[in-house]
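Residues are numbered in my numbering as their position in the sequence shown, beginning at 1, plus a constant of 2.
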Amino acid sequence: MYSRYSRPKPRHRKRRGFLVLVIIIAMLGVLLWRHSVHSQQQPQNGVSVSNKQSNSKQPSTQNATQPKPKPKSKPEPEPKPNTNYCVGNTLSKLVLVSISKQHLWACDRTASLYNSAVVTGMELYPSDLTPPGTYHVYAKATNQDLKGCDATGCWDDHVSYWMPFLDNQYGQYGFHDAAWRKPSQFGNINIYAPDTAALFGSHGCVELPLATAKWLYNWAPVGTTVKVES
C-alpha cells in the first residue's frame with residue numbers, strides 16, 4: 003500500500019523532462035552551428051574589403067610610378083617688330099630725338115646704328131622745355147661744369163661729355179651725360195610734372211646715359227644734324 007506522500011512520480015513526467023533536455027541540446031547545437039557559419043564568413047568579408055581598399059589605392063600607386071606629363075608652358079608673346087625711325091633719312095649722320103617717346107636714334111641714312119632712352123626738358127616751362135626743330139652740333143667738349151638758373155632753380159652739374167646744338171634767349175641746349183640720375187629714370191621721367199629738374203625733366207638739354215653720351219660724342223662730329231620731334 004502507498005501513502006499519499008511516498009507514491010512514485012508517474013513515468014510520463016520523466017519522458018517530458020527527457021524531451022525538454024533533447025530540445026535544449028538541439029537548440030544549443032543550432033546556435034553553435036550558426037555561430038560557426040558566421041565566424042567563417044567574417045574573414046571572407048574582411049578580405050573583400052581589404053581587396054577593395056588595395057584596388058582603390060592601386061591607381062594612385064601606378065600614377066606615382068609613371069612620369070607626370072609636363073604642363074604646357076604659356077606661349078610667349080611674339081616680339082614686336084622693331085620700328086625703323088630712320089626710314090626716309092638721306093643724311094649719313096642724323097641724331098633723331100623723340101620727346102613723346104623719350105628716345106634717341108643715331109641714323110646713317112635709313113639704318114639705325116644706335117638708340118637709347120633719354121630725358122628731355124620740363125614741358126610746363128617755356129625756358130626749360132626742349133624745343134622741337136632741326137639743329138646742328140656746333141661744339142664738343144669733355145669734363146665740363148654746366149651752370150645756370152631759371153624760374154625752377156639753379157644748377158651746377160659736372161658732365162663728362164658736352165655737345166651743344168642750340169643757343170637761344172634762354173641759354174644753351176645740348177647733349178650731355180647725367181650721372182646724377184638712376185639708369186631706370188632714362189625714358190621714364192614725367193616731363194610734364196610741375197617740379198624741379200632734379201626729380202623730373204631737364205632744363206632743356208637732352209640728358210643721356212654715360213655710355214650713350216660717350217658713343218655719341220665719338221660718332222657725331224661738329225656739324226651733325228639734330229632733329230627734335232615732339
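Yeah, the Cβ is synthetic: ideal placement off N, Cα and C, and Gly gets one too.
*With 16 other CB atoms within 10 Å as the buried threshold, where does residue 154 fall?*
The residue labelled residue 154 in the question sits at position 152 within the sequence shown. By the neighbour-count rule (16 or more Cβ atoms within 10 Å), residue 154 is buried.
*Member of 104, 114, 156 and 205 whose CA lies at the smallest distance from the CA of residue 90*: Within the sequence shown, the letter at position 88 stands for residue 90. Considering only alpha carbons, the answer is 114.
_Please give the ranges of any beta strand (DSSP E) in the region 70 to 140, keeping only runs that are unbroken, at least 3 residues long and fully inside the region._
96 to 100, 105 to 110, 113 to 119 and 135 to 138
*Where residue 166 and residue 129 are concerned, what is the direct C-alpha to C-alpha distance, given to the nearest angstrom?*
Reading the sequence shown from its first residue, position 164 is the one you call residue 166. Reading the sequence shown from its first residue, position 127 is the one you call residue 129. Cα-Cα distance, rounded: 16 Å.
_Given residue 127 as reference, the closest of 219, 30 and 206 once Cα atoms are compared_ = Within the sequence shown, numbered from 1, the residue matching residue 127 stands at position 125. Closest by alpha carbon: 206.
*With DSSP as the reference, label residue 22 as helix, strand or coil.*
Your numbering for residue 22 matches position 20 in the sequence shown. The answer is helix: DSSP assigns residue 22 an H, G or I state.
*Shortest alpha-carbon distance to residue 151 belongs to which of 204, 141 and 180?*
Against the sequence shown, residue 151 aligns to sequence position 149. Closest by alpha carbon: 204.
_Based on DSSP bridge pairs, tell me the residues matched to residue 178._
In the sequence shown, counting from the first residue as 1, residue 178 sits at position 176. Paired residue(s): 164 and 209.
_Going by DSSP, what residue range makes up the beta strand (DSSP E) through residue 150?_
What you label residue 150 is simply residue 148 of the sequence shown in a count that begins at 1. 143 to 152 is the extent of the beta strand (DSSP E) around residue 150.
*Candidates 102, 145, 28 and 149: closest to residue 124 by CA position*: Locating residue 124 in the sequence shown gives position 122, counting from the first residue. Among 102, 145, 28 and 149, the Cα nearest to that of residue 124 is on 102.
*Do you know offhand how far residue 109's Cα is from residue 217's?*
Your numbering for residue 109 matches position 107 in the sequence shown. Your numbering for residue 217 matches position 215 in the sequence shown. Residue 109 and residue 217: Cα-Cα distance of roughly 13 Å.
*Just the C-alpha distance for residue 86 and residue 225, rounded to the nearest angstrom, thanks.*
Within the sequence shown, the letter at position 84 stands for residue 86. Within the sequence shown, the letter at position 223 stands for residue 225. The alpha-carbon atoms of residue 86 and residue 225 are separated by roughly 24 Å.
*asked:* If contacts are defined as beta-carbon pairs under 8 Å, then residue 209 and residue 99 qualify, I think. What distance do you get, rounded to the angstrom?
replied: As a first step, residue 209 must be located in the sequence shown, where it is residue number 207. As a first step, residue 99 must be located in the sequence shown, where it is residue number 97. Not confirmed; about 11 Å, so no contact.
*Sort 135, 132, 160 and 112 by Cα distance to residue 143 and report the nearest one.*
Residue numbering aside, residue 143 sits at position 141 when the sequence shown is read from its first letter. Comparing Cα-Cα distances from residue 143 to each of 135, 132, 160 and 112, the minimum goes to 160.
*Between residue 207 and chain B, is there a C-beta pair that is closer than 8 Å?*
Judged by its chain identifiers, the structure shown contains no chain B, having just a single protein chain.
*Around the Cβ of residue 185, are there at least 16 other Cβ atoms within 10 angstroms (buried) or fewer (exposed)?*
As a working mapping, residue 185 is identified with position 183 in the sequence shown. Burial call: exposed.
*In whole angstroms, what is the alpha-carbon distance linking residue 21 and residue 34?*
To locate residue 21, count along the sequence shown from 1; it is residue 19. To locate residue 34, count along the sequence shown from 1; it is residue 32. Roughly 20 Å separates the two Cα atoms.
*Output yes or no for whether 8 Å exceeds the beta carbon distance between residue 104 and residue 122.*
Along the sequence shown, read from residue 1 onward, the residue named residue 104 stands at position 102. Along the sequence shown, read from residue 1 onward, the residue named residue 122 stands at position 120. Yes, the Cβ-Cβ distance between residue 104 and residue 122 is below 8 Å.
_residue 215 (DSSP reduced to helix, strand or coil)_ = Position 213 of the sequence shown, counted from the first residue, corresponds to residue 215. The answer is helix: DSSP assigns residue 215 an H, G or I state.
*Spatial neighbours of residue 215 within its chain, please: CB distance less than 7 Å, with the 5 preceding and 5 following residues excluded, ordered by chain position.*
Position 213 of the sequence shown, counted from the first residue, corresponds to residue 215. These residues qualify, in order along the chain: 162, 163, 177, 178 and 179.
*Selection from 229, 190 and 117 that minimises the alpha carbon distance to residue 136*: Position 134 of the sequence shown, counted from the start, is the residue given in the question as residue 136. Out of 229, 190 and 117, 229 has the C-alpha closest to the C-alpha of residue 136.
*Contacting residues, own chain, Cβ-Cβ under 6 Å from residue 96 (five flanking each side not counted)*: For the purposes of this step, residue 96 is identified with residue 94 of the sequence shown, where counting begins at 1. For residue 96, where only same-chain residues beyond five positions count, the Cβ hits under 6 Å are 109 and 227.
*asked:* Tell me the DSSP secondary structure of residue 204 in three-state form.
replied: Here residue 204 corresponds to residue number 202 of the sequence shown, with the count starting at 1. In this structure, residue 204 counts as strand in the three-state DSSP scheme.
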